[in-house]
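A short worksheet on the structure shown next.
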Amino acid sequence: SKLASDSDEVIAFKCITLWSMVHGLVGILRKVQVVGDDFEEGVGPISTASVIATNLEDHLDKVLTGLIQN
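Shown next as structure tokens:
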């Protein structure tokens, strides 16, 4: 694994980065649930989060892969 060769400092940085990203994403996805389908069409935070919410597993896989590999 790429993480096996990382220092403790790098791993700690990646952990807090992941935690903050997931924490923020949870807040955004909760807002998407509240708003539902009542949002402006086009590219914006709610419409983008709605797209992510429909395929959350794929999005998280990409985020985790990017974080681990960098």
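Residue numbering for the sequence shown follows our numbering, starting at 7 and increasing by one per position. For glycine and all other residues, C-beta sits at the position ideal for the given N, C-alpha and C. These numbers were taken from a predicted model, which means no experiment stands behind them.
Anyone know if the C-beta pair for Val-69 and Met-27 falls short of 8 Å? Sequence index remark: in the sequence shown, residue 69 carries index 63 (1-based). Sequence index remark: in the sequence shown, residue 27 carries index 21 (1-based). Yes, these two residues count as a Cβ contact at 8 Å.
Under three-state DSSP, which class holds Ser-13? For the purposes of this step, residue 13 is taken as the residue at position 7 of the sequence shown. Looking at Ser-13 - three-state DSSP - the assignment turns out to be coil, as it is neither helix nor strand.
Just confirm the distance between the C-beta atoms of Leu-73 and Leu-35, as a whole number of angstroms; I'd bet it's less than 8 Å. Residue numbering aside, residue 73 sits at position 67 when the sequence shown is read from its first letter. Residue numbering aside, residue 35 sits at position 29 when the sequence shown is read from its first letter. Actually they do not touch by this definition, with Cβ atoms about 19 Å apart.
Leu-9 and Ile-17 look like a contact to me (Cβ under 8 Å); what is the Cβ gap, rounded to whole Å? Mapped onto the sequence shown, residue 9 falls at position 3. Mapped onto the sequence shown, residue 17 falls at position 11. Indeed they touch by this definition, with Cβ atoms about 6 Å apart.
With 16 other Cβ atoms within 10 Å as the buried cut-off, status of Val-38: Translated into the one-based positions of the sequence shown, residue 38 becomes position 32. It is buried - the Cβ of Val-38 has at least 16 other Cβ atoms within 10 Å.
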